[in-house]
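Residue numbers (this note's numbering): 395 to 513.
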């Protein structure tokens, strides 16, 4: 407990985020070849920013503002980069951080989502 004090990021994945992520890229013609898990990663960015580990521009500038300019995969890459940077800042002093994710079982049950989460 005390070893990780103020360095525990807790995220509960909402049903809405799961439904949105699992419906990404779905078309009637063909199943998706990859799930970007944008809603999940967006929630993870918000969770890391709650600790003040994001710069002022990262916490106020939304990827949604860039939707017209970026492809969905570029949005996902940008969000993932923010998560990694936030967690690196959290561990910058040489201490470890703990990431706790609740409610992820439904995503892990889907092979494409589980593969994306492992990345």
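For every residue, glycine included, the Cβ atom is placed at its ideal position computed from N, Cα and C.
This structure is a prediction, so every number in the text was calculated from the model and none was measured.
- For the set 414, 403, 500 and 428, the Cα lying nearest the Cα of residue 509 is the one of 428.
- For residue 511, the enclosing alpha helix (DSSP H) begins and ends at 505-512.
- Residues of the same chain with a CB within less than 8 Å of the CB of residue 420, apart from the 5 flanking positions on each side, are 426 in chain order.
- Each residue's CA atom was taken as its position, placing residue 463 and residue 470 some 13 Å apart.
- In this structure, residue 491 keeps its C-beta atom at 8 Å or more from the C-beta atom of residue 407.
- In terms of Cα proximity to residue 434, the closest of 513, 501 and 505 is 501.
- With a contact defined as Cβ atoms closer than 8 Å, residue 495 and residue 431 miss out at about 12 Å.
- Between the alpha carbons of residue 467 and residue 486 lies a distance of about 28 Å.
- Shown here, residue 438 sits in a helix according to DSSP, grouped into three states.
- By DSSP's assignment, residue 495 forms a beta bridge with 405.
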